[in-house]
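Engineer: Numbers -14 to 336, taken from our numbering, label the letters of the sequence shown in order.
Glycine included, every Cβ here is placed at the ideal spot set by N, Cα and C.
Let me give you the structure first, and then I'll get to my questions.
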Amino acid sequence: MQLYDAVKPVLFRLSPETAHDAVRSMLGVAQKTGTDRALARRYRVDDSRLSSSVFGHEFPNPIGVAAGFDKNAEVPSALSCLGFGHVEVGGVTAERQPGNPKPRLFRLAEDRALINRMGFNNHGADAIGARLARTRVDVPVGVNIGKSKSTPLSEAAEDYLYTYGRVESSGDYFVVNVSSPNTPGLRELQDREHLEHILGTLTDAGASPLLVKLSPDLTDEAIEAALTVVKELDLDGVITTNTTTDRPDSLDSINRAETGGLSGDPIEARATRAIRFVAERTDVPVIGVGGVSDAAGAYAKIRAGASLVQLYTGLIYEGPTLARDINRGLVELLERDGFDSVEAAVGADTE
-14 MQLYDAVKPV LFRLSPETAH DAVRSMLGVA QKTGTDRALA RRYRVDDSRL
36 SSSVFGHEFP NPIGVAAGFD KNAEVPSALS CLGFGHVEVG GVTAERQPGN
86 PKPRLFRLAE DRALINRMGF NNHGADAIGA RLARTRVDVP VGVNIGKSKS
136 TPLSEAAEDY LYTYGRVESS GDYFVVNVSS PNTPGLRELQ DREHLEHILG
186 TLTDAGASPL LVKLSPDLTD EAIEAALTVV KELDLDGVIT TNTTTDRPDS
236 LDSINRAETG GLSGDPIEAR ATRAIRFVAE RTDVPVIGVG GVSDAAGAYA
286 KIRAGASLVQ LYTGLIYEGP TLARDINRGL VELLERDGFD SVEAAVGADT
336 E
């Protein structure tokens, strides 16, 4: 029995957000005291077959922490010591904002899922940019950038630009988040006209590597239009996908009626299909997100075309050994299928 198996029932008796804050606080203590190095010796998997070069950076393994877990860039180093090959912080907005009223995070334990309507609660670009500048992390760090709630859609480009200016010196890649379902009107920015203006403004400012994060709720036609913008503006990558507002009929938890974005097991297959759809239509790297909680799920996304894979909800249900367990499993799967590296497996199932 692993330690998390004993601790998990206690954490699950707390509200999801309280439990999350407690875990983040413990990681913060480990990071400040240097005891996170001991975690690294236990949880990191050092195998050259897992490493890859993406966006001009070296990733020691393909498994990363998705945006939302470390919104304020408080524990990226500690997360890397849990064996993750990259950490994406944020969403960061130009303005400090409290987010939506609580409760705003819900477990669907029977479904191994979460619903969140956090609303980009974060300390703001000024504070997070300064914190990142003081933090040293030995894996790539991405910065997920969102729109401030009070900013009109017509001024969104300038809002994103302000945030980018505060974090540009400390991020290894930057993600334009126009797909969260929890900021009113945000998903309208996925329309081609808005997307061109936002991404064009950032590319003119020199933002690079620059990625866009798409919603799983877009139609195929809308995804293709977004990918046209990615090509025309010579962006560096696409993240597929964010949470969904859909509610599959298979959901059993009473919390399925809550509004917000659904993540976890119920969207895994859908997310993998979306990754393949995107990967078959673009030449830029894809980061795959959605329902990953084991090596088989991560590997399916890699074979579908994901150069890197991210997770969040799986960490809640599986605990701190998850990155290590996935990376060990990936090595076995690569050996089984005769791949010399994870890079060689990317897109193996695409046309």
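Contact between the segment 141 to 148 and the segment 179 to 195 is defined here as three or more beta-carbon pairs at a separation below 8 Å; is this criterion met?
Structural biologist: Touching, yes, given that three or more Cβ pairs across the two stretches are closer than 8 Å.
Engineer: Starting from K87, trace the alpha helix (DSSP H) both ways and give me its first and last residue.
Structural biologist: Unbroken run through K87: none, as it is neither H nor E.
Engineer: Between R89 and R102, which are expected to be in contact by the criterion C-beta below 8 Å, what is the C-beta distance as a whole number of angstroms?
Structural biologist: At roughly 5 Å, the Cβ-Cβ gap stays under 8 Å, so R89 and R102 are in contact.
Engineer: Starting from the N-terminal side, write out each stretch of the alpha helix (DSSP H) that is 4 residues or longer and does not extend beyond the segment 286 to 334.
Structural biologist: For the segment 286 to 334, whole alpha helix (DSSP H) runs of length 4 or above, ordered along the chain, are 298 to 303, 307 to 322, 327 to 330.
Engineer: Taking its Cβ as the centre, do 16 or more other Cβ atoms sit within 10 Å of G49, making it buried, or is it exposed?
Structural biologist: By the 10 Å Cβ count, G49 comes out buried.
Engineer: What number of angstroms, rounded off, separates the C-alpha of G249 from the C-alpha of R172?
Structural biologist: If you take the alpha carbons of G249 and R172, they lie about 21 Å apart.
Engineer: Give the C-beta separation of G127 and F105 to the nearest angstrom, bearing in mind that I take them to be a contact with Cβ-Cβ under 8 Å.
Structural biologist: Contact flag wrong, Cβ pair sits at about 16 Å.
Engineer: Are there 16 or more other CB atoms within 10 angstroms of the CB of E73, so buried, or fewer, so exposed?
Structural biologist: E73 should be labelled buried.
Engineer: Could you tell me whether the segment 303 to 314 touches the segment 276 to 294, using the rule of 3 or more Cβ pairs below 8 Å?
Structural biologist: Yes, the segment 303 to 314 touches the segment 276 to 294.
Engineer: Hey, out of V39, A94, G75, whose CA is closest to P1's CA?
Structural biologist: For P1, the nearest C-alpha among the options comes from A94.
Engineer: Beta-carbon within less than 7 Å of S65's beta-carbon, same chain only, minus the 5 sequence neighbours each way: which residues are those?
Structural biologist: If we look at S65 and ignore the five residues flanking it on each side, its Cβ neighbours are V72, V122, D123, V124.
Engineer: With a threshold of 16 other CB atoms inside 10 Å of the CB of A242, please say whether the residue is buried or exposed.
Structural biologist: Looking at its Cβ environment, which holds fewer than 16 other Cβ atoms inside 10 Å, A242 is exposed.
Engineer: DSSP state of T228, grouped into three classes?
Structural biologist: It is coil, neither helix nor strand.
Engineer: Should the segment 17 to 24 be regarded as contacting the segment 34 to 51, the criterion being three or more beta carbon pairs within less than 8 Å?
Structural biologist: Taking 8 Å as the limit for Cβ pairs, the verdict is that the segment 34 to 51 does not touch the segment 17 to 24.
Engineer: With DSSP as the reference, identify every bridge partner of R199, one or two as the case may be.
Structural biologist: The residue you asked about is not Arg; residue 199 is Leu in the sequence shown. Looking at the DSSP assignment, L199 forms a beta bridge with T225.
Engineer: Would you identify the three-state DSSP class for S238, choosing helix, strand or coil?
Structural biologist: Three-state result, S238: coil.
Engineer: Answer yes or no: do S165 and G131 have a C-beta to C-beta separation smaller than 9 Å?
Structural biologist: In this structure, G131 lies closer than 9 Å to S165 by Cβ.
Engineer: Determine which residues share a DSSP beta bridge with Q82 and list them.
Structural biologist: Answer by DSSP bridge pairing, in chain order: N107.
Engineer: Report the rounded CA-to-CA distance for G114 versus R321, giving the unit in angstroms.
Structural biologist: Whole-angstrom Cα-Cα distance: 43 Å.
Engineer: Any idea what DSSP makes of V277, helix, strand or coil?
Structural biologist: If DSSP states are grouped into helix, strand and coil, V277 belongs with coil.
Engineer: Measuring CB atoms only, is the segment 252 to 268 touching the segment 1 to 16, in the sense that at least three cross pairs come out at less than 8 Å?
Structural biologist: Verdict: no, contact absent.
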